[in-house]
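Q:
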Amino acid sequence: TAIYVRFRLQNNELLSKLLSQTNLGNIYVLIWTTTPWSLLGNQAVAVNEKSKYLFVKLSSTNDIYMVAESLLNNIKKFVPFSNNQFEIIGNCLGSELSGLSYNHPIYNDQQKYPIVISDHVTDELGTGFVHIAPAHGSDDFLLSIKHNLQCVNAVNLTGHLNCPSIESLHGRNALDTSDGIQAILKHLNSDVLHHYEFIHSYPYDWRAKKPILILGSQQWFIDTTRLRDNARKYIVDNVTIFPEGAEKSFLSMTAQRPYWCISRQRCWGVPIPAFYTKDDRKELVINEEIIEHLIKCVQQKDSIDFWWSSDDIKELLPASMHNQAENLERGKDIFDVWFDSGSSFNSVLKDFNCQADLYCEGHDQFNGWFLSSLLLSTAIQSRAPFSNIFVHGFVVDKNNQKMSKSIGNVIQPSQMIFGGGKEKFSENGFDVCREWVTRESYKPQCKASSDDLNKANKRVYDIRNVFKFLIGNLYDFEPDKHSISNENLAALDRYMAYRLHQILTTYHTDFDQYKMYHGLIAVEDFLQGDISSFYCSVTKDRLYCDPSDSYLRRSTQTVFYLLLKCLNERFAPVMPYLAQELHDELSVIENKQKKINDVFENKFTFLNNELCEIPPELASAMSIVLHLRDTYHGILQNRRPILFDILLHLSDRAKLQFKQLQDVLGKHPSTVKLNFWHPLEELLRCSHVHERSLSDLATDLTGENISSVDLPLIDDKFNYIMKIQYNSLHSCPRCRLQVSEKENELCVRCFTYSQKCIFKNKIEQQQKMALSFSTANKFLLNNQQILRSVLISSIRYKQRGHIPDNLVEHHRQSPLGKLKAGAAVGAFPPKNDTDKELRSTPHDFKYVFPDFLPNPLPYLRDRILERLERRDMFRRRQQIDIPEFYVGSVLAVTSADPYAPNRRHRFVGICLQRERHGLKHQFTLRNIVDGLGVEIIYELYNPTITKIEVLKLERRLDDNLAYLRDAPPEYCTFPFDMEPVKLPPGAGVPLNTIQVPITSIHWQYKWERHDLKGVLLPPLPRSVRKAAKRYAEPWRQWDIMRQYRTEIHDDEKAEIYEDIEKHKEDLAQYRIDSKENVKITRARPKSGARKAIFNDSQQSNTSTTQ
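Numbers 5 to 1110, taken from the numbering used here, label the letters of the sequence shown in order.
1. Would you call the CB atoms of Ala139 and Leu219 closer than 7 Å?
2. Taking buried to mean at least 16 other C-beta atoms within 10 Å of its own C-beta, is Trp312 buried or exposed?
3. Leaving out five residues before and five after Gln14 in sequence, what residues of the same chain have Cβ atoms less than 7 Å from its Cβ?
4. Between Cys956 and the rest of its own chain, which residues show a CB-CB distance below 6 Å, the 5 nearest in sequence each way excluded?
5. Could you tell me whether the segment 345 to 360 touches the segment 372 to 380, where touching means 3 or more Cβ pairs closer than 8 Å?
6. Roughly how many angstroms lie between the CA atoms of Asn458 and Val436, to the nearest whole one?
7. Which residues share a DSSP beta bridge with Leu298?
8. Which residue marks the beginning of the alpha helix (DSSP H) containing Ala495, and which one marks its end?
9. When you compare only the Cα positions, how much space is there between Phe927 and Glu873?
10. Could you tell me the alpha carbon to alpha carbon distance between Ile216 and Leu97, rounded to whole angstroms?
11. Quick one: Cα of Gly103 to Cα of Pro207, how far?
12. Given the structure, does Arg232 come close to the ligand FMN, in the sense that its CB is under 6 Å from one of the ligand's heavy atoms?
13. For Ile932, would you say it is in contact with chain B, using Cβ-to-Cβ distances shorter than 7 Å as the test?
14. Out of Gly372, Leu701 and Ala452, point me to the one whose CA is closest to Lys402's CA.
15. Count the other CB atoms, across all protein chains shown, that sit within 10 Å of the CB of Ile384; report buried if there are 16 or more and exposed otherwise.
16. Thr244 lies in the beta strand (DSSP E); which residues open and close that run?
17. For His682 and Asp649, which I take to be in contact (beta-carbon distance under 8 Å), what is that distance rounded to the nearest angstrom?
18. Alpha carbon to alpha carbon, what distance is there between Ser559 and Glu431?
19. Going by beta-carbon coordinates alone, are His199 and Thr5 separated by less than 7 Å?
20. Helix, strand or coil for Ala360? Go by DSSP, reduced to three states.
21. I need the DSSP call for Gln742, collapsed to helix, strand or coil.
22. With DSSP collapsed to three states, give me the class of Ile952.
23. Would you decide whether Thr513 is buried or exposed? Buried here means 16 or more other CB atoms lie within 10 Å of its CB.
24. Just grab the DSSP bridge partners of Leu669 for me.
25. Let me confirm a value: Trp272 is counted as buried when at least 16 other C-beta atoms fall within 10 Å, else exposed. Which label applies?
26. Using a Cβ-Cβ cutoff of less than 7 Å, which residues in the same chain neighbour Arg463 once the five nearest sequence positions on both sides are dropped?
27. Residue range of the alpha helix (DSSP H) that Glu621 falls in?
28. Going by other Cβ atoms of all chains shown within 10 Å of its Cβ, with 16 needed for buried, is Cys739 buried or exposed?
29. Determine whether the beta carbon atoms of Ala178 and Leu161 lie at a separation below 7 Å.
30. Comparing alpha-carbon positions, which option in Arg232, Gly533, Arg633 and Cys450 lies nearest Tyr521?
31. Where DSSP assigns a beta bridge to Val71, which residues make up the other side?
32. So, for Asn371: in the same chain, excluding its five sequence neighbours on each side, which residues have a beta-carbon less than 7 Å away from its beta-carbon?
33. In the DSSP output, what is Arg918 paired with across the bridge?
34. Could you work out which residue in Ser24, Glu621, Gln641 and Ala460 is closest to Asp667 when comparing CA atoms only?
35. Bridge partners for Ala900 per DSSP, in chain order?
36. Confirm, please, whether the CB-CB distance from Thr510 to Ala526 is below 7 Å.
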């Protein structure tokens, strides 16, 4: 029930000044309230100092009412204002009303109740005047503290009116409309101008399903105003909070912390040791003697329960107060639990000077445990109870909703570790969950979904694979015996040791600052980027193809061992099981007499001082090399780097720097492998590097064409222009480098090494050579292709007369050696490119020309038919320009209507699929037209197609299965007037990486997903099993990579590519000739000739269409 009730103001001089009148009648402030029972506890009326208030005079009674100007229309709806018999006689601001007083409408006593100013008064509802009951509202209570108002409870703990002075109201039900509310309205009588039913929000207990009445009560408080300033000072001066940025919110909460109520009314907890007199005054009795006595009792009884269970109150009092026991009763209040936990430092940390190094909790504890501990420590020991605070986030579900039992989205840690649950977690294990927690804990919300755990699982799996590679290459390495000294490490290995030192420094700095996530990410990125993608890739040739005890191989193994030791110890706090497993393997490698069982018993391994710094010339050299590597691989895109030579066009200044770079990288004589592969080529993974001058370029180049590298530790730059060309040599079957003179023949290094492993006995029978190999060389025994190459190379050397004693010298005298021998180590003269017999096939050949690929099923191939189709395809390409496009590109295709020759159809869409072979090759376009999905399958060589335009060149050629068939509409919607998207000059084809999941198949087809472990069910016929296999892998029919997975022999691929390249040259010449013929024909046209030309053209088009 909502009521409008009037409070009569007491006439004084202030009212006379406001109205400029004397002998004023009754003046009332009009109050609107939805809780009539709270009027019994009214102690003041609040106004907004900025609001404008009106004095409204009724003509019928001459009574004057005050109401906010903006809310005047609210009171016009009820009597006595509804008949408009009133006039406005004055106005004032709310600030001018301060100092007025009124009479209470219920008690009718002579006490003066004040009008006060408050910001919480608004002009949205009511009258602009708010009655203040301090015992029944938080805003009212804070206002009562400010203005020293009494806190009077209008109701008691049973929900009945508390008004002993008025018998007609006392004891009635406060919320019952027919009881307490009706009695209040009757008692107010004419002071109630209007009442009605009103629905509004009010506190409610959802467990008890009952409304709540807010009451004032006697409680214990801590005056935080005397502690806040010092607490803020301790935070700023002595406390570090992680993550960064959280300090501001903590300081703000500390500054705004109101009075702290430390007492609660519960039947369990730590009691407040206070006594009260039994008379009506309830005076407090507490002193130090009482507290000391209770402490002794707790120590004797080993429990605090005696405070509640003791029947004799004398047991709770010291002997000196036993004579007062009959007049005292024990208090029933307990301490707030935040007071308990906030004071824990005073007992737990006694041995540590009552100050912790770290407090760790969720971000909700800024206003809880963190702040309560800080305030109590400030009061007790005048300092903060902690030196550092680490704040973590909260785990939420995949929809970013907090964990709730009622919603049913609680995720158990065991589900994340062992699998299962509603999220259907896979079995991740402890290490994966710990890695996920370390990376996500600093975020306010840590999303726990199967996708996020799968990503963490993949990261841990990748880490394990890198460690597997490193330790697998230490199978013949003994640290004490085979390690290379720090000063003798090869340039690359020295650089990687220095990078390891940098990462270890970052790791310890971050962990010391409790940035565990940052340190972990730095180490993981180093492991996956610098080590796996770069270092392991570059050193594979050393590890696999060099002699087992070679300098370069031992140098790399030395650094591998350092990487394993240092990184494993850093991963141990996060992934202890993986670290322990690797630790056990390292213990075997180290041949320790006494095996250490626990990885955590080791101290951290740090590098020697020699490895913590590198010479400036090595830093500059590696800076140049890494920049050259990025440039080179950016040019190649997806092609094999080892197939190409690099032409470096350098300025005169850069030539000197390049010479120094080669000297630094090839400082040790063993770093140049038989003078055929320089360390620079090893780092770049190219075939050879040729140094040229900028003046050798035919075109003029501006400064924008020149790449530049800033050299560290040296105030200088390295300027260059890079070009690439195919290498003319052949791939060695053993090391795969482009250094062999003939196809399928070993290079000199591999042949030399192989000869050491071959021949204990030789038997020659009828032009056949039988060879006996050392059984220790398992590499040759397990690789038939390399074995065949060794045999062929040996026979060829025998046919030439003999196997030379000095293979290196023999190699240098050969044509290949003469071509590559230079004045000094690292000099690379230009090569002759005229020895090419057949054009090399580019890496992306099958992506650019999938229509020229043959049928992947060998038994369905017809070589003659393929060549005939290829010729017809070339002829068709003379008639229409077929541009380069891929699955994922946006195309516009214009086609002729076979039934109406003059009509053209143009369709725009994204290419979903390219399939079939030869003249039957077709591609599918999709677009959304008027809300409906439209797909059109075009035959690429169909004569009705007149034009193919590429509006947006993109490709989806990653090795993952991409399900464009089930792509959402927003992915496949394109305007028909779409403008072409131009790529920057020299830019590669962009890769579209959007992954669209395929729609799940029907439940009845999922039975075959169960792994039967080889068990075959006899009742199932073969056709059913075949269909089940097809349904089990529905993505195969949408596999856009299937066409590109066709593999044919390299010779055949090169032959097809040769035909395509020849056709492109013929096509270019054909179009040049066609343009010249058109110009000659149009030079002097006659009417008849023009007509003849038109008719010929029309006939030609007609025949083509037919």
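Think of the CB as a built atom: it goes at the ideal place given N, C-alpha and C, for glycine as much as any other residue.
A: Reading it off the structure:
1. Taking the first residue of the sequence shown as 1, we reach residue 139 at position 135. Taking the first residue of the sequence shown as 1, we reach residue 219 at position 215. Yes, these two residues count as a Cβ contact at 7 Å.
2. Translated into positions along the sequence shown, residue 312 becomes position 308. Classification for Trp312: exposed.
3. As a first step, residue 14 is located in the sequence shown; it is residue number 10 there, counting from the start. Within the same chain, Gln14 has close Cβ partners Ser105, Tyr106, Asn107 and Lys116.
4. Against the sequence shown, residue 956 aligns to sequence position 952. The amino acid occupying residue 956 in the given sequence is Lys; Cys does not appear at that position. Around Lys956: Val894 and Val985.
5. In short, these stretches touch, since the Cβ pair count reaches three.
6. Taking the sequence shown and counting its residues from 1, the one referred to as residue 458 is at position 454. Taking the sequence shown and counting its residues from 1, the one referred to as residue 436 is at position 432. Rounded to the nearest angstrom, the two C-alpha atoms are 9 Å apart.
7. Locating residue 298 in the sequence shown gives position 294, counting from the first residue. DSSP links Leu298 through a beta bridge to no other residue.
8. On the sequence shown, residue 495 is found 491 positions in, with the first residue counted as 1. Segment Ala495 to Asp516, the alpha helix (DSSP H) holding Ala495.
9. Taking the sequence shown and counting its residues from 1, one reaches residue 927 at position 923. Taking the sequence shown and counting its residues from 1, one reaches residue 873 at position 869. Phe927 and Glu873: Cα-Cα distance of roughly 18 Å.
10. Here residue 216 refers to the residue found at position 212 of the sequence shown. Here residue 97 refers to the residue found at position 93 of the sequence shown. Straight-line Cα distance between these residues: approximately 36 Å.
11. On the sequence shown, position 99 is the one that residue 103 refers to. On the sequence shown, position 203 is the one that residue 207 refers to. Using only the alpha carbons, I get a separation of about 33 Å.
12. In terms of ligand content, the structure shown is empty, and the ligand FMN therefore cannot be addressed.
13. No chain B is present in this structure, which holds just one protein chain.
14. Here the question's residue 402 lines up with position 398 in the sequence shown. Per the Cα distances, Ala452.
15. Within the sequence shown, the letter at position 380 stands for residue 384. It counts as exposed.
16. By 1-based counting over the sequence shown, the position of residue 244 is 240. Taken as a continuous stretch (DSSP letters only), the beta strand (DSSP E) holding Thr244 covers Thr244 to Phe246.
17. Along the sequence shown, read from residue 1 onward, the residue named residue 682 stands at position 678. Along the sequence shown, read from residue 1 onward, the residue named residue 649 stands at position 645. His682 to Asp649, Cβ: 12 Å. No contact.
18. For this step, residue 431 is matched to residue 427 along the sequence shown. For this step, residue 559 is matched to residue 555 along the sequence shown. Whole-angstrom Cα-Cα distance: 39 Å.
19. Against the sequence shown, residue 199 aligns to sequence position 195. Against the sequence shown, residue 5 aligns to sequence position 1. Cβ atoms of His199 and Thr5: closer than 7 Å.
20. Here residue 360 is taken as the residue at index 356 of the sequence shown, counted from 1. Residue state, collapsed to three classes: strand.
21. Numbered from its first residue, the sequence shown carries residue 742 at position 738. Looking at Gln742 - three-state DSSP - the assignment turns out to be strand.
22. Stepping through the sequence shown from its first residue, residue 952 is reached at position 948. In the structure shown, the three-state DSSP call for Ile952 is strand.
23. Sequence index remark: in the sequence shown, residue 513 carries index 509 (1-based). Exposed.
24. Residue 669 sits at position 665 when you count from the first residue of the sequence shown. Beta-bridge pairing links Leu669 to no other residue.
25. Indexing the sequence shown from 1 puts residue 272 at position 268. By the 10 Å Cβ count, Trp272 comes out exposed.
26. Taking the first residue of the sequence shown as position 1, residue 463 is located at position 459. Excluding residues within five positions, the ones whose Cβ falls inside 7 Å are Glu439 and Glu528.
27. Here residue 621 refers to the residue found at position 617 when the sequence shown is read from its first residue. Run containing Glu621: Pro620 to Leu640, per the alpha helix (DSSP H) assignment.
28. Locating residue 739 in the sequence shown gives position 735, counting from the first residue. Result: buried.
29. Locating residue 178 in the sequence shown gives position 174, counting from the first residue. Locating residue 161 in the sequence shown gives position 157, counting from the first residue. The answer is no: Cβ separation not under 7 Å.
30. Locating residue 521 in the sequence shown gives position 517, where the first residue counts as 1. Nearest C-alpha to Tyr521: Cys450.
31. Taking the first residue of the sequence shown as 1, we reach residue 71 at position 67. Answer is Leu58, bridged to Val71.
32. Looking up residue 371 in the sequence shown gives position 367. Close CB contacts of Asn371 within its chain, under the 7 Å cut and outside five residues either way in sequence, are with Met257 (chain order).
33. On the sequence shown, position 914 is the one that residue 918 refers to. The partner list for Arg918 (beta bridge, DSSP) reads Phe927.
34. If you number the sequence shown from 1, residue 667 lands on position 663. The option with the nearest alpha carbon to Asp667 is Glu621.
35. What you label residue 900 is simply residue 896 of the sequence shown in a count that begins at 1. Bridge partners of Ala900: Arg908.
36. For this step, residue 526 is matched to residue 522 along the sequence shown. For this step, residue 510 is matched to residue 506 along the sequence shown. Yes; because the gap between Cβ atoms is below 7 Å, this pair is in contact.
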